[in-house]
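Residue numbers (full-length UniProt numbering), protein chains in the order written: chain A, 1 to 163; chain B, 1 to 365.
Each residue gets a CB set at the ideal place from its N, CA and C atoms; glycine is no exception.
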């Protein structure tokens, strides 16, 4: 009887192995990466957000490409960080695609964390991903307004020269 | 061996610093005491007690021999953590009238630092490490015993902690060496039947101490052979990795460190992501004891590692049973995934573009 019990304990462990530290979804983002990379330098209508710090062990770079209608058509990311950080930023690039700039601002870290089943100790990864989205959107806005104001200056300069 | 080598059905074990597997010879020696020789070694009135008492004393001699001590100076405990606690708190409390100054180093195990902090709250002063006469010297030799020659007289050690499961012995047992000449006294932390010279009451677990004794005996016999093997594998691993990757830093002094503990920092790649990628190999990042916190290893920081490099470190623990194939597989996977993670790293991208990362103003979260 003792032998049967012992055998069952070991059998149980073999069939349903101990819980992994990483959720399947987190691992999937590393094994099947989507949107890893960077847009060409000087590409138009691109916003780049760079957040975090090497000393903290987390740095995310997130880029968005926006069309003339204000819709995000493409995104890229690069991350220095743990598996949860990589997954959070990867998921962020998936979610911003197809959203307008205003809609993307609404992406919350809590939803990212829930989707990836992040444990409490990894919640800051999702927060940084939200920061990265906002930083990219902000960068895009700043660039666009300076392009727009440059265009305005050109137009008024032309008007002046025409007059 | 290519990366398409079939994955092992169970992860390879390369975390010898956190624990080691039982040597089969150790298990053999323990089994009789878990099956039929189950007497309490402190029972004086019958053969069940006599036989386990003898076995325990034989084990005690094996432990004493490997460190050049007398068996009377060995106290069995539940492990090096308990030994450290007894050594620090017990010794400090016994001598508190005359001596109240404790010196420690930044690279000690958490249980040592925490014991010192506890004593600090009780009024003891903690200072910086220095060598001087008339000062009791305690060393936590959990990682060293059985791997490098240790002699308590050559090294002028007064108190020493030893761990069973770090040298292919069972978990749950260790020892504290307490010098008798000149005499070092410690106050007991645990009250009870007065076993182990009153320093550590409680029934001594014969199966565990027998296993521990066997592990020490084997380690003493095979120390040189083990060292040669581990050193060979260690060099193999480091050379293979350095042949294919740049910006790999070896933490610790390569000439004055135990070859079985290879701690490498892969710049611009975060340690935990690499551990996740190397899922077929059991490794650790920094040291296991502090893995619950987000801080990089305080040990690495203390030995001068840059803050961001401390986040990029992996510890490879090579042991008696590690094989060449395991090392080759690990090196290959490591190279493959470091390259992959660097391709995903914004820091690596900056470095390739010639940007000096140290000049960037990072936004703290």
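Roughly how many angstroms separate the alpha carbons of residue i and residue j, rounded to a whole number?
{"i": "residue 358 of chain B", "j": "residue 234 of chain B", "result": "32 Å"}
{"i": "residue 349 of chain B", "j": "residue 355 of chain B", "result": "9 Å"}
{"i": "residue 59 of chain B", "j": "residue 28 of chain B", "result": "14 Å"}
{"i": "residue 169 of chain B", "j": "residue 22 of chain B", "result": "5 Å"}
{"i": "residue 108 of chain B", "j": "residue 229 of chain B", "result": "27 Å"}
{"i": "residue 129 of chain B", "j": "residue 104 of chain B", "result": "Its pLDDT being 41, under 50, residue 129 of chain B is placed unreliably by the model, and the measurement read from it follows with that caveat. Roughly 6 Å between the two C-alpha positions."}
{"i": "residue 161 of chain A", "j": "residue 51 of chain A", "result": "44 Å"}
{"i": "residue 174 of chain B", "j": "residue 253 of chain B", "result": "28 Å"}
{"i": "residue 56 of chain B", "j": "residue 25 of chain A", "result": "51 Å"}
{"i": "residue 319 of chain B", "j": "residue 226 of chain B", "result": "8 Å"}
{"i": "residue 363 of chain B", "j": "residue 38 of chain A", "result": "20 Å"}
{"i": "residue 66 of chain A", "j": "residue 87 of chain A", "result": "23 Å"}
{"i": "residue 192 of chain B", "j": "residue 123 of chain A", "result": "46 Å"}
{"i": "residue 76 of chain A", "j": "residue 99 of chain A", "result": "15 Å"}
{"i": "residue 120 of chain B", "j": "residue 50 of chain B", "result": "44 Å"}
{"i": "residue 250 of chain B", "j": "residue 71 of chain A", "result": "47 Å"}
{"i": "residue 167 of chain B", "j": "residue 130 of chain A", "result": "47 Å"}
{"i": "residue 262 of chain B", "j": "residue 360 of chain B", "result": "31 Å"}
{"i": "residue 148 of chain A", "j": "residue 42 of chain A", "result": "16 Å"}
{"i": "residue 101 of chain B", "j": "residue 110 of chain B", "result": "19 Å"}
{"i": "residue 12 of chain A", "j": "residue 9 of chain B", "result": "17 Å"}
{"i": "residue 275 of chain B", "j": "residue 132 of chain A", "result": "24 Å"}
{"i": "residue 3 of chain A", "j": "residue 163 of chain B", "result": "31 Å"}
{"i": "residue 138 of chain B", "j": "residue 186 of chain B", "result": "12 Å"}
{"i": "residue 141 of chain A", "j": "residue 171 of chain B", "result": "60 Å"}
{"i": "residue 367 of chain B", "j": "residue 240 of chain B", "result": "Outside the displayed span of chain B (1 to 365) sits residue 367 of chain B, for which this structure offers no information."}
{"i": "residue 324 of chain B", "j": "residue 53 of chain A", "result": "38 Å"}
{"i": "residue 79 of chain B", "j": "residue 136 of chain B", "result": "21 Å"}
{"i": "residue 33 of chain A", "j": "residue 338 of chain B", "result": "15 Å"}
{"i": "residue 98 of chain B", "j": "residue 75 of chain B", "result": "25 Å"}
{"i": "residue 265 of chain B", "j": "residue 285 of chain B", "result": "10 Å"}
{"i": "residue 342 of chain B", "j": "residue 72 of chain B", "result": "56 Å"}
{"i": "residue 101 of chain A", "j": "residue 118 of chain B", "result": "54 Å"}
{"i": "residue 256 of chain B", "j": "residue 148 of chain B", "result": "12 Å"}
Thinking C-alpha only, which one of the options is nearest residue i?
{"i": "residue 56 of chain A", "options": "B:280, B:278 and B:270", "result": "B:270"}
{"i": "residue 154 of chain B", "options": "B:179, B:204, B:325 and B:316", "result": "B:179"}
{"i": "residue 136 of chain A", "options": "A:162, A:107 and A:112", "result": "A:107"}
{"i": "residue 260 of chain B", "options": "B:140, B:70, B:61 and B:237", "result": "B:237"}
{"i": "residue 427 of chain B", "options": "B:336, B:202 and B:267", "result": "Summary: the structure shown does not reach residue 427 of chain B, with chain B confined to residues 1 through 365, and so no result is reported for it."}
{"i": "residue 376 of chain B", "options": "B:176, B:329, B:239 and B:299", "result": "This structure cannot speak to residue 376 of chain B, because chain B is shown only from 1 to 365."}
{"i": "residue 67 of chain B", "options": "B:53, B:315, B:157 and B:222", "result": "B:157"}
{"i": "residue 70 of chain B", "options": "B:46, B:97, B:37 and B:182", "result": "B:182"}
{"i": "residue 77 of chain B", "options": "B:161, B:333, B:11 and B:315", "result": "B:161"}
{"i": "residue 63 of chain B", "options": "B:315, B:343, B:142 and B:302", "result": "B:142"}
{"i": "residue 258 of chain B", "options": "B:7, B:11 and B:17", "result": "B:17"}
{"i": "residue 42 of chain B", "options": "B:194, B:150, B:190 and B:189", "result": "B:194"}
{"i": "residue 96 of chain A", "options": "A:79, A:151, A:47 and A:143", "result": "A:47"}
{"i": "residue 206 of chain B", "options": "B:314, B:331, B:11 and B:48", "result": "B:48"}
Could you tell me which residues DSSP puts in a beta bridge with residue i?
{"i": "residue 396 of chain B", "result": "Given a span of 1 to 365 for chain B in the structure shown, any question on residue 396 of chain B remains unanswerable."}
{"i": "residue 138 of chain B", "result": "B:159"}
{"i": "residue 80 of chain A", "result": "A:59"}
{"i": "residue 74 of chain A", "result": "A:65"}
{"i": "residue 33 of chain B", "result": "For residue 33 of chain B, which the question treats as bridged, DSSP gives no partner whatsoever."}
{"i": "residue 317 of chain B", "result": "B:15 and B:261"}
{"i": "residue 284 of chain B", "result": "B:315"}
{"i": "residue 177 of chain B", "result": "B:74 and B:160"}
{"i": "residue 363 of chain B", "result": "A:52"}
{"i": "residue 148 of chain B", "result": "B:145"}
{"i": "residue 47 of chain A", "result": "A:64"}
{"i": "residue 142 of chain A", "result": "Residue 142 of chain A is not bridged to any residue."}
{"i": "residue 238 of chain B", "result": "BP columns for residue 238 of chain B are empty, so no partner."}
- Message: Whether or not the stretch 112-119 of chain A and the stretch 147-156 of chain A are in contact is what I'm after, with contact meaning three or more pairs of Cβ atoms, one per stretch, closer than 8 Å; do they touch?
- Response: no
- Is the stretch 210-220 of chain B touching the stretch 26-33 of chain B in the sense that three or more CB pairs, one from each, lie closer than 8 Å? yes
- Using Cβ-Cβ distances below 7 Å, what residues of the stretch 321-348 of chain B are close to chain A? Among the residues of the stretch 321-348 of chain B, those with a Cβ less than 7 Å away from any Cβ of chain A are 344, 345, 346 and 347, in the order of the chain.
- In chain order, what residues of the stretch 41-53 of chain A put their CB closer than 8 Å to some CB of chain B? 50, 51, 52 and 53
- Contacting positions in the stretch 261-281 of chain B - beta carbon closer than 9 Å to chain A: 268, 269, 270, 271, 272, 273, 275, 276, 277 and 279
- Item | Inter-stretch contact at 8 Å, needing at least 3 Cβ pairs: the stretch 81-97 of chain B / the stretch 237-250 of chain B | Look at the beta carbons and you see the stretch 81-97 of chain B not touching the stretch 237-250 of chain B: under three pairs across the two are nearer than 8 Å.
- Task: May I ask you to list, following chain order, the residues of the stretch 51-72 of chain A that have a beta carbon less than 8 Å from some beta carbon of chain B?
- Result: 51, 52, 53, 54, 55, 56, 57, 58, 59, 60 and 61
- Query: Are the stretch 305-325 of chain B and the stretch 22-36 of chain A in contact at 8 Å, needing three or more beta carbon pairs?
  - Reply: no
- Interface positions of the stretch 107-125 of chain A facing chain B (Cβ-Cβ less than 9 Å), listed along the chain: For the stretch 107-125 of chain A, residues whose beta-carbon sits nearer than 9 Å to a beta-carbon of chain B comprise 121 and 124.
- Query: Does the count of Cβ pairs from the stretch 27-34 of chain A and the stretch 82-101 of chain A closer than 8 Å reach three?
  - Reply: yes
- Contact the stretch 196-208 of chain B vs the stretch 74-84 of chain B: 3+ CB pairs below 8 Å: yes
- May I ask you to list, following chain order, the residues of the stretch 140-152 of chain A that have a beta carbon less than 7 Å from some beta carbon of chain B? Answer in chain order: no residues at all.
- the stretch 72-97 of chain A: positions lying closer than 7 Å to chain B by Cβ: Taking 7 Å as the Cβ-Cβ cut-off against chain B, the residues of the stretch 72-97 of chain A that qualify are 78, 79, 80, 81, 82, 83 and 86.
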